[in-house]
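Residue numbers (this note's numbering), protein chains in the order written: chain B, 380 to 491; chain G, 3 to 118.
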């Protein structure tokens, strides 16, 4: 029969709370990481990036943390707003300098 | 600034027909990437092109799929003799340089291909 799609990990938060979305990667050769936001019916939208020689980078309301020891990446969104509701993907370059490998994604739902 | 433009946004084809997906990169970008996305999954790399050259097509099926990026005009992803399994969203991205570092890939809104 037809296979059932895997459900996305989900995170539900209240408006105004902080959100933390996590991502694990496996390729120790990866030296560049990006977080994308994808709204329904749209393409991935760049949020923030980080190179492997850094462990933290901040943008407007967002912070990315990189732990190379355990190959873990996180995206923190401060004061989450309803407009932040979307699927969030981490992507890594895998050492190719151009070929992005995407994680499965996390569905963030912001409750008013 | 216009972003990456893809058309059509939705494309319906019957099994055995051909599908042509078009992508115009952002102004000033000469590097184009195609990705495929199945429902509730991340994007999967298919092919990387520069003007008139295919740099890496390691993610593209060996048969029925082809891509080009001519000197003039948009990049084209062509799928011949489509099958049900080709149903997916196809995204195009562009960057000013081939290396990802410091210049993230910018994506279009995709073409949703449905095979009847």
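From the three backbone atoms N, C-alpha and C, an ideal C-beta is built for every residue, glycine too. Fair warning: this is a prediction, and the values are worked out from it, not measured in the lab.
Kindly indicate which three-state DSSP category residue i falls into: helix, strand or coil?
i              : result
residue 16(G)  : coil
residue 58(G)  : strand
residue 86(G)  : helix
residue 466(B) : strand
residue 74(G)  : coil
residue 475(B) : coil
residue 114(G) : strand
residue 52(G)  : strand
residue 108(G) : strand
residue 68(G)  : strand
residue 4(G)   : coil
residue 33(G)  : strand
residue 122(G) : Chain G is shown only over 3 to 118; residue 122(G) falls outside these bounds and no answer can be derived.
residue 483(B) : coil
Under 6 Å Cβ to Cβ from residue i, same chain only, skipping five residues before and after it: list those, please.
i              : result
residue 118(G) : 16
residue 67(G)  : 81
residue 57(G)  : 50
residue 91(G)  : 39, 112 and 114
residue 26(G)  : 7 and 76
Compare the Cα-Cα distances from residue i to each of the options and report the closest residue.
i              : options                           : result
residue 76(G)  : 53(G), 44(G), 4(G) and 42(G)      : 53(G)
residue 445(B) : 489(B), 429(B) and 387(B)         : 429(B)
residue 469(B) : 459(B), 439(B) and 424(B)         : 424(B)
residue 38(G)  : 62(G), 58(G) and 56(G)            : 62(G)
residue 433(B) : 464(B), 412(B) and 416(B)         : 412(B)
residue 82(G)  : 22(G), 14(G) and 94(G)            : 22(G)
residue 42(G)  : 488(B), 491(B) and 484(B)         : 484(B)
residue 86(G)  : 19(G), 11(G) and 9(G)             : 19(G)
residue 390(B) : 480(B), 455(B), 447(B) and 420(B) : 455(B)
residue 28(G)  : 56(G), 14(G), 13(G) and 7(G)      : 7(G)
residue 14(G)  : 25(G), 89(G), 73(G) and 45(G)     : 89(G)
residue 47(G)  : 93(G), 114(G) and 99(G)           : 93(G)
residue 60(G)  : 475(B), 447(B) and 448(B)         : 475(B)
So, residue i versus residue j, is the Cβ gap smaller than 8 Å?
i              : j              : result
residue 111(G) : residue 462(B) : no
residue 466(B) : residue 452(B) : no
residue 403(B) : residue 450(B) : yes
residue 418(B) : residue 460(B) : no
residue 401(B) : residue 457(B) : no
residue 65(G)  : residue 78(G)  : no
residue 44(G)  : residue 482(B) : yes
residue 99(G)  : residue 11(G)  : no
residue 416(B) : residue 431(B) : no
Grab me the residues of residue i's own chain with a C-beta within less than 7 Å of its C-beta, minus the 5 sequence neighbours each way, in chain order.
i              : result
residue 427(B) : 414, 436, 438, 441 and 443
residue 464(B) : 487, 488 and 489
residue 382(B) : Per-residue confidence for residue 382(B) stands at a pLDDT of 33, beneath the threshold of 50, marking its modelled position as unreliable; the derived number appears in the next sentence. Excluding sequence neighbours, residue 382(B) sits near nothing in its chain.
residue 405(B) : 450
Only counting the same chain, and skipping five residues up and downstream in sequence, which positions put a Cβ closer than 8 Å to that of residue i?
i              : result
residue 97(G)  : 31, 33, 35, 105, 106, 107 and 108
residue 478(B) : 472
residue 5(G)   : 28, 108 and 110
residue 73(G)  : 53 and 54
residue 392(B) : 398, 459, 487, 488, 489 and 490
residue 388(B) : 483, 484, 485 and 486
Is residue i close to chain C, meaning its C-beta is less than 8 Å from at least one C-beta of that chain?
i              : result
residue 477(B) : Although the question refers to chain C, the structure presented lacks it and instead comprises the protein chains B and G.
At which residue ranges does the region 394 to 463 of chain B contain complete beta strand (DSSP E) runs of 3 or more residues, listed in the order of the chain? 398 to 403, 411 to 417, 424 to 430, 435 to 437, 441 to 446 and 451 to 456
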